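>
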Amino acid sequence: MPRPPQKILVLGGGYVGLYVTWTLEKHTEVPLEITVVEPRAYMTYQPLLPEVAGGHVEPRNVTVDLRQAFKHATVVRGSVTGLDSKRQFATVRTIDGQERRFDYDHVVLGMGAVSRVFPTPGLKERGIGFKTVEEAVGTRNRVLENVSRAAATDDPAERRKYLTFVFIGGGYTGVEALSELSDLSKKAIAAQPALAGERPRWVLIEALDRVAPEVGPELAQWTLGELRNRGIDVRLKTTMKSCEDDVAELSDGDRIPFGMIVWTAGVKPNPVLDNTDIPRGPKGHVNANPQMQVVREDGSWVKGVWAAGDIAQIPDLTKPQPAYYPPNAQNALRQAVQLGESIPKAIRRRRVRPYIHYSLGTVASYGVLKGAANIKGVQLKDTWAWLAHRSYHLLAMPTFDRKVRILTGWIGDAIGKPDLSPMDDLEDPRHDFREAAA
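All residue numbers for the sequence shown refer to the numbering used here, where the first residue is 14 and numbers rise by one.
(1) If you reduce the DSSP assignment to three classes, tell me which class residue 328 lands in.
(2) Roughly how many angstroms separate the alpha carbons of residue 447 and residue 154, rounded to a whole number?
(3) Run through DSSP, which three-state label would residue 233 get?
(4) Could you tell me whether the segment 58 to 72 touches the segment 195 to 207, using the rule of 3 or more Cβ pairs below 8 Å?
(5) For residue 391, which residues in the same chain have their Cβ closer than 6 Å to its Cβ, ignoring the five residues on either side in sequence?
(6) With burial defined as no fewer than 16 other Cβ atoms inside 10 Å of the residue's Cβ, what is the status of residue 417: buried or exposed?
(7) Using C-beta distances below 6 Å, list every residue in its chain close to residue 95, excluding the 5 sequence neighbours before and after it, in chain order.
(8) Restricting to runs no shorter than 4 residues, where is the alpha helix (DSSP H) found entirely within the segment 15 to 46?
(9) Comparing C-alpha positions only, which one of 89, 383 and 375 sits nearest to residue 26?
(10) Can you find at least 3 beta carbon pairs, one from the segment 176 to 190 and one from the segment 215 to 234, that sit closer than 8 Å?
(11) Could you work out which residue in 174, 263 and 244 is closest to residue 253 when comparing CA atoms only?
(12) Does the contact criterion of 3 or more C-beta pairs under 8 Å hold for the segment 125 to 137 versus the segment 274 to 282?
(13) I'd like the ranges of any alpha helix (DSSP H) spanning at least 4 consecutive residues and lying wholly in the segment 48 to 117.
(14) Ignoring anything shorter than 4 residues, give me the alpha helix (DSSP H) runs that lie fully in the segment 199 to 270, in order along the chain.
(15) Start and end of the alpha helix (DSSP H) containing residue 357?
(16) Is the beta carbon of residue 61 less than 8 Å from the beta carbon of residue 75?
(17) Please report how far the alpha carbon of residue 314 lies from the alpha carbon of residue 148, in whole angstroms.
(18) Please confirm whether residue 214 and residue 176 have their CB atoms less than 8 Å apart.
(19) What are the partner residues of residue 387, as DSSP defines its beta bridges?
(20) Quick one: residues in its chain with C-beta nearer than 6 Å to the C-beta of residue 188, no 5 flanking neighbours on either side, listed in chain order?
(21) Whose CA, out of 164, 398, 48 and 130, lies closest to the CA of residue 228?
(22) Checking 8 Å against the spacing of the C-beta atoms, do residue 121 and residue 29 come in under that value?
(23) Could you tell me which whole beta strand (DSSP E) segments of length 3 or greater appear in the segment 406 to 441?
(24) What span of residues does the alpha helix (DSSP H) with residue 170 cover, start to end?
(25) Which class does residue 166 belong to by DSSP, given the choice of helix, strand or coil?
(26) Classify residue 355: buried if its beta carbon has 16 or more other beta carbons within 10 angstroms, exposed otherwise.
(27) Cutting at 7 Å between CB atoms, please list the residues of its own chain near residue 420, excluding the five before and the five after it.
(28) Which of helix, strand or coil does DSSP assign to residue 128?
(29) DSSP three-state label for residue 188, please.
(30) With a threshold of 7 Å on Cβ separation, who are the neighbours of residue 401 within its own chain once the five nearest residues in sequence on each side are excluded?
(31) Considering residue 119, what are the terminal residues of the beta strand (DSSP E) in which it resides?
(32) Alpha carbon to alpha carbon, what distance is there between residue 207 and residue 441?
(33) If we require 3 or more residues per run, which beta strand (DSSP E) segments fall completely within the segment 261 to 323?
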């Protein structure tokens, strides 16, 4: 008698969900019934979000449609509302509002991370993150709209407020996004005759004593100098106490009226874990062993449960002291591919090997022809780092179609004029219709 197919439930359609499903679909030696659960219809390639904000890459070109990406897997659009590892099922609220139950033999936890937001007064009402393609587009539109409003007002105080932008969080994601948006604001101001002689004010608030620590101490110090040379007001060892009434109140006593505030101060595991019985570590991450199997405190495997990416703490066996792999795309992609190989092995009762990866380094872009890179100990700056950044991410971008679209977009961006068209009306597409109806 043929063996019934094993039910594989993949929770999350990001790096982990996409690559683990791609890998599982290649395994025909065991019958598999794969279901992918993801609220959005697409996977987002987050490392290129700063280039979306800068206008160098079209927003849809950093996304991959999940239904088109898979040959056999079923994609269910919905949010996980619970998981019972003992009875091996998950509950999902689909986009039509229904609550559905999905039984599984093996489940992959790949829901990723969300912005780590502190209860700072005013932040929920005034702030925006930089983790989704919608947020990248939103920050771009806000910068261009603020420049237009600054050009329209005769009030000097209002003008300065519109042209003041605050970033909270100086990791390399925050530095990349700020750099692109800062360049964008300068181009937009130059195109406004009413703003002749005006300069935007960009403020970067960082609680640590350095920015972009991911590129290493020497390049982090160089990055700090580079930002300050470009006119960025970098405040180290500083936090924000409040941002109510569009005024950022800092721990150093300064008060800064702002036109936009962007929060890039880290991430935390997806809070959907609170509705599960999955073992978790002190920082809320899923407990996992080097094989990416979810384990209890005694090290025993929670049968059929696997985890990878930002949501999990995977022990880093390349380090002499206990450590975990950093939550980045480089690891999420490789963990997912190996996990896709491990599940069929576990089904066939074969040995599952541990995840071991020696970091390739870090590449960061600080705008066109600017950047920093640390590749296997080799440090690059400016043009060479920028080229390394674009080359790496073009190769890493999923699907040939998206690679071609991004490359042709870069070529068009290089030979054409800067795109300074705000598309803020997309955030409320029914505005004109409501006005006409009124």
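Where is the CB? At the ideal position from N, CA and C, for every residue including glycine. Bear in mind the structure is a predicted one, so any value in this text is a computation, not a measurement.
If we stick to the structure as given:
(1) strand
(2) Rounded to the nearest whole angstrom, the C-alpha separation of residue 447 and residue 154 is 22 Å.
(3) Helix, per DSSP.
(4) yes
(5) Once the five neighbours on either side are set aside, residue 391 has no close Cβ partner at all.
(6) exposed
(7) Contacts found: 104 and 288.
(8) For the segment 15 to 46, whole alpha helix (DSSP H) runs of length 4 or above, ordered along the chain, are 28 to 38.
(9) 89
(10) The segment 176 to 190 makes contact with the segment 215 to 234: 3 or more CB pairs, one atom from each, lie closer than 8 Å.
(11) 263
(12) yes
(13) 62 to 67 and 79 to 82
(14) 230 to 242
(15) 342 to 360
(16) yes
(17) 38 Å
(18) yes
(19) 375 and 392
(20) Setting aside the 5 residues that flank it on each side, residue 188 is surrounded in the same chain by 224 and 225, each with a C-beta closer than 6 Å to its C-beta; the list follows chain order.
(21) Per the Cα distances, 398.
(22) yes
(23) none
(24) 169 to 175
(25) coil
(26) buried
(27) Answer for residue 420: 407, listed in chain order.
(28) strand
(29) helix
(30) 376, 386, 388 and 393
(31) Note, residue 119: beta strand (DSSP E), 119 to 122.
(32) 28 Å
(33) Listed in chain order, the complete beta strand (DSSP E) runs (minimum 3 residues) inside the segment 261 to 323 are 268 to 270, 273 to 276, 280 to 282, 306 to 308 and 314 to 320.
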